[in-house]
Each structure stands twice: as C-alpha cells, then as structure tokens.
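A.B. asks: One structure is given below, represented as structure tokens, and several questions about it will come after.
Residue numbers (the working numbering), protein chains in the order written: chain A, -11 to 550; chain B, -11 to 550.
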C-alpha cells in the first residue's frame, strides 16, 4: 500500500459538519491502490468495561482524479463528538491510518491516536443561504445592458451598439434599461442578477469607486435602484452587488485628501503609504491593486476604514434590501475584516449571500466564518479547455472536475459561483471559435453541475467578443440578431434545473465515462429518489458510448440533440 | 518521483506569515525521494514584456520523519504578495508541483497555476506574546502546594502530607502557602505559574465551578489573590489561571435553577437540555463533559452565556492583572466563542497568553484568531515513551518529534506548552520506574526543546505518584526528603535556557543521530550566532557516538554527566 499518498486532516474539506447533526468524512488514497476503506469511530468518552465502543462504517469511493481516489461517508454521532481512524484494505494487507500514523491493527485501546471532530457546535456549521442552491445568476455590466433613460446619459455617450466599445466609451446603459427587460430575464428563467459596480466612479466599469454611498448618476438615483430591487424581488429575482473594498478609486475623497494634505491629512492611515509625496508614476510608493496607482489599497485594519466599509456593507442591504455581495479581490483583504464583514451583514439580513472573488484554492475563507462561496474559476478553466477549446481530453477534464469537487465541502460546492466567462474574459462563443454546438455543451455542463451557475449577459443569444473591451459590447436587443434557438436551449436547461432536483444542485455527481469512447463525457447525477445520466459527445463526429449502468434499466429520455 | 507523497497547501503549517514581512514555506516529499527543491516565486502582478518575473530559491531539508522529508525556506516579498510553485529534482527527473498538479516545466506563462499567499496582512499574522518564548512554567495544584494560612482551612482538613490523598481529601493548600514559597520558585528559576482552578467549587480540584467570579475561600480571598499576583510580578513571574468554560459544575447557580424551575427557569437556554425532568443518573438527558452528569455543558452560543463568560475572562485580567488563561476542554467549545474570547481578552491586555487544552492536531485553533498555543501532548507522549519507558527507539522518537515540529508554524511551536506530566497523569519519576537518571534526561530534552516548558510541582525534588489521586500528593517541604541534586540539575538547565539563546527557544532543532549508536540521541540547536549540540545516551550502559559535525571544530563543553 502506498502509505505516503494517504491523506486526511479534520476541519476542512476532509472532515466537516454538513449540517447541525451530520458529519462528512473523506479520505484520499493513491489511485487504484486501495480496495476497501472502513471508518472506525466512536464517542471518545463511550467506554464499557475498559473498552472503547466503536462502530465500523464502509466508505464509498466518491471519485478519482489523476493521482488519487477519494472516499466518503457520512454519520450522525449521537453526542455530536467523534474520534476515528481508517482501516484500509488493498486485497493483500489491512492497515489502519490514524492521526499518529499507520498501525497494523486499530489502536482502539486509547483514543489519543485518533482523528478528532471534538464537538459539532451549531454556530460553526458552514451555513450559506438556502436560496442560492436554486439560483441561476445573470451577470449584468450595467453600462452595456440597456439604455432605458436618456436623461441620465453621461457626457459623450455613443448611440447604442453603434460601434465596438473601447476602454473609455460610454453607451448609456442604466437601471431603467434593466427594468425594461425584466420580462426578458424572467422568460429566460434566471432568478438572480449580479451587477458589476454601480457606485459613483468615473470609468465605464466603475471599479474605481469615488463614493461607496452613492449610485453613479449615469445609472439612475437611489430611488431608481430601490424600484429596480423591488421589481426584481416581485419576480423572484435576487440582486447581488459588487463591493470593491480592497482598494478605492483615485478620486475617492480620502485619497485625494491624502494627496493634497499629506502628513496633515486625517486620512493618511486609511491607506498603506510609504512616503510623501505620493508617486503615481512608475511603481507607486504606496500599496495598490497590482501596481495600478489609481487603485490605492485600503487599510482595512484601521478601525475608521473598517467602520466606514461596514457602514457601506450594511447600508445597501438594510436600505435597499439587496441579497448578496460579491467581493472584489477578496483574497488580498485581511481575514479579520471579512469576519467582521460577515457578522455585520448577516446581522442585518441573515440570508445575504457573500461571494469572494478568489481564483486559487480558497479553503481558508470557506470555514463558515467568512464567505459563503468563491467564484469557481477552476471549474471555468476546465470547462473552457474541454468544451470550448478541446485542449484537454475527457479523462483530464473528469480528473480536474473531480478534484474541484473534493477541494471543498459539499456545502460549499452547492453554492459555488460557476461562471463560464465574464467582463474580464473573452465571451464563450468567441472562446469556442464561434462554434455554437460547443457553447451548447458548455451550458449543458454548467447547468447540470453542482453550484450556482451564472450566465454573462448576451451569451444566451450568441453574442461574441474578445478580451476586454471586446467582451463588453452593448446587449443586442434586435431580435433578428439574437439566436433564439440558443436562447430556448438555455431556457430549457434552466427549467430542468428547477423541475428535476437530480439535474440541478441536489444531485451528487459521479463520472461514469466509457474509456473506449475517449471524446465522450458521461456522468450521473443522483439523489435518493432519482438518477439523471448525461451523455455528451465532445467530438466533431458521432461516437458510440457504452453506459453499463443503463443496461436493462427503463429510463426516460429527458432530452437529446445532435 | 513519488508524486502522490508531495504535499503543500497554503495558510496553515505549510505556508504562513512568520512576522509582518516574512513568509515561511514548507513542502513535504516522500522520504529519501527528492534531492533538491527550488521554490519559484514572484509577485503575481510583476510582468515585464509579457513575462512573469520570478525568482528561484533553494529550499533546505528541515527534517524527516518515518515517511516524509520536509523542506523549508523563508522569504520577504517586497509587495507582501506571492504566487509560487516547487521544482523538484530527484537526480533523474525534474518536475514542477503547482496548485493545479504536476508539470514537466514550470507553467510560469500564467500565474493561475500557482499556489498563492495573496497578501501578508499584519492583523492576520499569528502573534503570541513575546514573553512566553522565555518563560519556564511551574504548575501548581493549589490544594497541595503549601498551607500558609490555617484560618481558611476547609472542614475536615488533614494534617499536611499526613497521608496519601484520596479523591476527596483536603490538605489546606492556599495562596498564602504559594507566597511563602516564592523564594523557592525564584531560586529554581521558573518565571510563570500555571494554577489549576481557583474559583469557588466543592471539590479539591475545583474543576466543578460554582461561581466563576469568586475565589474559593479555602485558598484565600480576592485580596490575597491580588497580593499573590503582585508578589509574583515583582519577581518577574507570570500567572496563568485555568478557565473551565466548556461546562459548569453541578452547583453552578444557573444549573441549579434549571433543575428546580425547569421550563420556567430563565437559564434553561444556558445549557444543552433535551427534556425535563433532568436525568442525572445513567446517561444524562443533557449535554455534559463526557457522560459526567455533574458537569453540564454550557451553551456558549447563547449570547447571555457568552456575555457572562467574557465578563469572567476579562474581569480576572483587568482586576487582578493575570497573564494567561489555560482553557479546559477547549476543543469542544465553538470556534466562534473563542474568537470573541480572544478579542475581549486581548483588548484588555494585549499580551495575555491564551492556551487551549487540546490533545489532538489543533491547527484549526491556531490560525491567529483563537489560541496562542495548545498543550503539547504529542511531545509529552513521545518523551515519556522514549526517555521514561524505553518503549520507542531513537529513530522512532526523532521521527515523532520531527513530525510534531512540522505540524504547526514555527511561531506556534515557540509558545507550545510542553509538559511532561500533570495533575491528570502519573508523575514522571513514577513513569520512569523511579529511575532518576531517566528523569534527568526528560528534563534535559524538555528544557532544550522549542516551546515553553512546564514543571509539575514537586517533580523537581523527586516526588512520586501514580494516576490521580496519587499524583496530587502534598508538596514535600521537608528538605531532607527533597532531592537537592535533581533540583540543582533542573535549576542549571533553566539557567542555560536563559543565558544561551540557542539552547532555548531561539535555536532551530535538527536531529543528527548516529545510526551506529541506536540508543543515543543527538541534536543540534542553531541560531545565526551559535550552535549547541546535545548528545544523550538513553541506555543503561555506555555508548560511543560519532558526531561528524564536531570533527575539527573547537567547541566548549557546557555540561556533561554520566
């Protein structure tokens, strides 16, 4: 047995509270090395006649990636306490894996050897809002979705869609425009809108905040926004805003004050400054987002800054009833701030969704005390590589996705923000070299996957566009330009997600690929009640796929396309 | 290369902020598999002409245990941000290990592949009080250390040391007794006292708290305690108290109120009750410590309970200037409570030491937001097994200790509470089968090890005693019974710890055992300025040991005994 490959450590993705009574336990072993894993566990204080009372529970293989097999079981300890070890059998030998290493037989004469989940305290249970599991998001870049009110158009506005956007162009998109098209969104079936920033800022993307307490006038005013949220809520659509708290814009008043008054500015501790005068050319002499002088990093450890940003965070929830915050560059802000942020926001509205923008492994932010979810870029990358660009094969794709599913607890996966593209990447149709069949497969996978999917505005009607600014074109409202078939396809998948629990977030996913058909992807989604099997041909030619699980089973064809 | 054995994950013991500017990076590989590891790293935003700017840094092998080698390096990223991967060379092939798996060459064309330490925010840096690193603790069980005031003796008190203790006996130890012997403690050289509980309770051990706001009258009153702390501080001795916050005693007023008034008690949500009437025989129908009916688990999620316990926690710090809290059964209380506890206590006195009683892997409590340290039982177990009982050999001992040192960040190790025994275990001399040479070796290892060592009262003069109550005998103040040689030995080691930085907490430890001398233990403790080499013969007969590191070096013999 390859002992060095065996891994477990409690209180992360390997052992966590699924709910207030249930523990999930996972184990990693070398791929194809171990045949059977038994969890041996008991209450640490449950001894009878000098013998620790333990139970044996067989674990199931929940997936495999390139190097490893993953094993899973769940249990409900009556006293909410657990000590445990793993008995591994490779067909030749049985060994026991404990916190103190490997033993020939389970060292159950003393609990001190064993992994420990000491107490399942309710307050520590990761607890994301329920509604997120059934939400399909639609991302709107407000400047480019629809111009519903000419009165608030910014200076130098261009006629809608009259040309391709540049870094600096304005087309006048606004809140009224969104309201004018809520029927469209409702018809598509989405039930959440994620807006990129809407606060006062000079740029068209508004990531350079000037005032976090004001709506940018080009989008409308606070009353328009209040109406927009209400109209969304009437239709069962949630609203998430973008919080850029890592850094402010250059024209944020406190930063301007620092530039002017230097040492005398009462805001000089609001940023991370190294010396005066501030140097905005070349590498700045103050901390910034990247090396961008116009985006000074906020000192979120300063109590005044914290108080200000927490006021912002709660104001928009309390006053406008928004449902979520997407946190820009969330990984560079301190954990301590995010813990206070969570407390503040959840106190005002307990089911607010808190979504961090993090591109890498995010387990330190997903322990229940900070974020509900992160943007699932590993999902994005793998999906684009496989479906859009054919850069990886079925085996590689299944490996990466299985790995992604085992990186975090199931509770986290169910609310993971699964995007295919955004205002920061080329659009999927462009990434797929204008092949709409590939876009269909992307949507099929995204919408049958675990997590909360997000559609980037216009992708659903076949819009194209490369890197920023290309991907930020005006939404095309000319129905003759819109791909109605693609729209219907997405609409149908969204409806499946709602009507068939196993298709959506309630189904556990397992790959059951046919190795003899290397360009086909086969996976099942399973609940206690039903099983959905999805067979995808990711090839330009037809393929035969064997699905032994379907042999001699009656099943209903949900849907098929060639 | 054995890829499956390679492990790294940021923001725990594998990558952490050592101080406000320095990152420590560790990697695990299969034992004796890899010859060289290079850390390739850069600021994620530092690109020139489309090329990510990276540096190469060779990592050092910091130790090996039974299955693995551990690699280490430290660096100070100028912008406090880091993305990184590892290049591994086993002499036959070079491969690169990234967050996304293994690659033949470093995928530095895109930072998305790489491990990430996104920003070194000061407030998140693990920051235990500096003084702990230079503290040698002395554990006092107050009922048994010295009876200095006959006036406060409890009913039925027995003459001092007149007989062996039982579960229920009282001998009248008190605060005045401790004060009477501060000269003794100062002479020994300790500079911290850890008191087991002192609050009002019926038992002799006082773990069954009746009133957390009152001193038990058998020890004195608040004024005596205030004087005791002041007298300790005058001599540079810190004071740590025991906080039993997981559960109260049976006679804690709120619990008595619940027993009497049941549904009508205003305290019914202070505990975890399942039904009325409360069942105190057999398995209780409410949550308890273990299955002990007289120790009802407190509901630390209830804001009233939280407010009460945080008042207790801050009261003794603020009013009596204590220096530390040792948290009983700390692992079964919710993380959320401990975060608030830390904030509350550190607000009152920032350099209070917070020590959790946890027997298993404690990384979830040691991220900087909860505890400063835990009681280092893995160190205890290994030391007893090796030095006291000869149950494991030198190789096994070195493996376990190396593993212990790599379980947590160095910052955590430096304040780890290293005990050899306590009121809950037999005394070391008894564990060592009355062999004082073995006790000497235990002390030598403990006092030259990384962490903050603790001496259990009376061990230093050769007291014996088995499991509780045997280990709780009265301190023997008859100097003719005290082993003065052992006392002097401990005294000398404590003085080394203070006068020779490399001997104590400032030296990095590495084993340099001589495989041809299997019962000898050899290790070096190194600072930038000096190196101490310690050679221990853990055998009943003499042994020859080769220490190649000493060849042709001039060195000073600190100390030698046979």
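The C-beta atom is built at its ideal place from N, Cα and C for all residues, glycine as well.
Which runs of the alpha helix (DSSP H) spanning at least 4 residues fall entirely within the stretch 140 to 207 of chain A, listed in chain order?
C.D. replies: Fully enclosed alpha helix (DSSP H) runs of 4 or longer: 163 to 168, 170 to 176.
A.B. asks: Whose C-alpha, out of A/377, A/440, A/474, A/457, is nearest the C-alpha of residue 528 of chain A?
C.D. replies: Answer by Cα proximity: A/377.
A.B. asks: Could you give the DSSP three-state label for residue 294 of chain A: helix, strand or coil?
C.D. replies: Three-state DSSP puts residue 294 of chain A in a helix.
A.B. asks: Determine the direct distance from the alpha carbon of residue 450 of chain A to that of residue 473 of chain A, and round the result to whole angstroms.
C.D. replies: Roughly 10 Å separates the two Cα atoms.
A.B. asks: Are residue 390 of chain B and residue 53 of chain B close, meaning C-beta to C-beta below 8 Å?
C.D. replies: For residue 390 of chain B and residue 53 of chain B, yes; Cβs fall inside 8 Å.
A.B. asks: Residues in its own chain within less than 8 Å of residue 14 of chain B by CB, not counting five upstream and five downstream?
C.D. replies: Contacts found: -4, 1, 2, 3, 50, 58, 59, 60, 394.
A.B. asks: Excluding five sequence neighbours on each side, which residues of the same chain lie with their C-beta closer than 6 Å to the C-beta of residue 18 of chain A?
C.D. replies: Cβ within range, chain order: -10, -7.
A.B. asks: Between which two residues does the beta strand (DSSP E) holding residue 227 of chain A run?
C.D. replies: Residues 226 to 231.
A.B. asks: Output needed for residue 201 of chain A: all residues of its chain with C-beta closer than 7 Å, excluding positions within five of it in sequence on either side, in chain order.
C.D. replies: Counting only Cβ-Cβ distances below 7 Å, and skipping sequence neighbours, we find 300, 303.
A.B. asks: Taking 8 Å as the CB-CB limit, is residue -3 of chain A close to chain B?
C.D. replies: Yes, contact with chain B.
A.B. asks: Just tell me which of B/364, B/362, B/499, B/512 has its CA closest to the CA of residue 382 of chain B.
C.D. replies: That would be B/499, whose Cα lies nearest to the Cα of residue 382 of chain B.
A.B. asks: Report the residues of the stretch 207 to 236 of chain B with a CB closer than 7 Å to any CB of chain A, ordered along the chain.
C.D. replies: Flagged: no residues at all.
A.B. asks: Under 8 Å, do residue 260 of chain B and residue 222 of chain B count as touching if we go by C-beta distance?
C.D. replies: Against a cut-off of 8 Å, the Cβ pair of residue 222 of chain B and residue 260 of chain B comes out as no contact.
A.B. asks: Any C-beta of chain B sitting closer than 8 Å to the C-beta of residue 191 of chain A?
C.D. replies: No, its Cβ sits nowhere closer than 8 Å to a Cβ of chain B.
A.B. asks: Report the neighbours of residue 409 of chain A on chain B: residues whose CB is nearer than 9 Å to its CB, in chain order.
C.D. replies: In chain order: nothing, as chain B lies at least about 15 Å away.
A.B. asks: Please list, in chain order, all residues of the same chain as residue 353 of chain A whose beta carbon is under 6 Å from its beta carbon, the five residues on each side excluded.
C.D. replies: Excluding sequence neighbours, residue 353 of chain A sits near 344, 359.
A.B. asks: Any chance the stretch 191 to 206 of chain B sits against the stretch 232 to 243 of chain B, with 3 or more Cβ pairs inside 8 Å?
C.D. replies: Taking 8 Å as the limit for Cβ pairs, the verdict is that the stretch 232 to 243 of chain B does touch the stretch 191 to 206 of chain B.
A.B. asks: My guess is that residue 70 of chain A and residue 105 of chain A are in contact by the Cβ rule of under 8 Å, so how many angstroms apart are they, rounded?
C.D. replies: Between residue 105 of chain A and residue 70 of chain A the Cβ distance is about 4 Å, and since that is below 8 Å, they are a contact.
A.B. asks: Is the beta carbon of residue 108 of chain A less than 8 Å from the beta carbon of residue 5 of chain A?
C.D. replies: Closer than 8 Å, so yes.
A.B. asks: So, for residue 22 of chain A: in the same chain, excluding its five sequence neighbours on each side, which residues have a beta-carbon less than 6 Å away from its beta-carbon?
C.D. replies: Only 76, 78 meet the Cβ criterion.
A.B. asks: Can you look up residue 363 of chain A in the DSSP assignment and give me helix, strand or coil?
C.D. replies: Strand, per DSSP.
A.B. asks: Would you mind working out which of A/175, A/169, A/280 sits nearest residue 135 of chain A, comparing C-alpha positions?
C.D. replies: Of A/175, A/169, A/280, the residue nearest in Cα terms is A/169.
A.B. asks: Please report the straight-line C-alpha distance between residue 262 of chain A and residue 34 of chain B, rounded to a whole angstrom.
C.D. replies: Taking the straight line joining both Cα atoms gives about 19 Å.
A.B. asks: Contact criterion: CB-CB distance below 8 Å. Does residue 279 of chain B meet it with respect to chain A?
C.D. replies: Residue 279 of chain B counts as touching chain A.
A.B. asks: Would you please verify whether the beta carbon of residue 393 of chain B is less than 8 Å from any beta carbon of chain A?
C.D. replies: Cβ-Cβ to chain A under 8 Å: no for residue 393 of chain B.
A.B. asks: Let's see if you can read the secondary structure: which residues bound the beta strand (DSSP E) around residue 499 of chain A?
C.D. replies: First-last of the beta strand (DSSP E) with residue 499 of chain A: 496 to 499.
A.B. asks: If we cut at 8 Å on Cβ distances, does residue 319 of chain B have a partner in chain C?
C.D. replies: Judged by its chain identifiers, the structure shown contains no chain C, and its protein chains are A and B.
A.B. asks: From residue 124 of chain B to residue 207 of chain B, what does the alpha carbon distance come to, in whole angstroms?
C.D. replies: In a straight line, the C-alpha of residue 124 of chain B is about 24 Å away from that of residue 207 of chain B.
A.B. asks: Could you tell me which chain B residues have their CB closer than 7 Å to the CB of residue 89 of chain A, listed as they occur along the chain?
C.D. replies: Result: 54.
A.B. asks: Are the stretch 436 to 448 of chain B and the stretch 402 to 416 of chain B touching by the rule of at least three beta carbon pairs closer than 8 Å?
C.D. replies: Touching, yes, given that three or more Cβ pairs across the two stretches are closer than 8 Å.
A.B. asks: Check the Cβ-Cβ distances between residue -7 of chain B and every residue of chain A, and say whether any is below 8 Å.
C.D. replies: Answer yes: the Cβ-Cβ gap between residue -7 of chain B and chain A drops below 8 Å somewhere.
A.B. asks: Residue 9 of chain B to residue 67 of chain B, Cα distance in whole Å?
C.D. replies: Going by the C-alpha atoms only, they are around 9 Å apart.
A.B. asks: How long is the line joining the alpha carbons of residue 137 of chain B and residue 186 of chain B, rounded to whole angstroms?
C.D. replies: Each residue's alpha carbon lies about 16 Å from the other.
A.B. asks: Quick one: using the 10 Å Cβ neighbour count with 16 as the cut-off for buried, is residue 543 of chain B buried or exposed?
C.D. replies: Counting Cβ neighbours within 10 Å, residue 543 of chain B comes out exposed, since fewer than 16 surround it.
A.B. asks: Run through DSSP, which three-state label would residue 101 of chain A get?
C.D. replies: If DSSP states are grouped into helix, strand and coil, residue 101 of chain A belongs with the helices.
A.B. asks: Scan the stretch 323 to 342 of chain A for residues whose Cβ lies nearer than 9 Å to a Cβ of chain B and list them as they occur along the chain.
C.D. replies: Per Cβ criterion, the list reads 323, 324, 325, 327.
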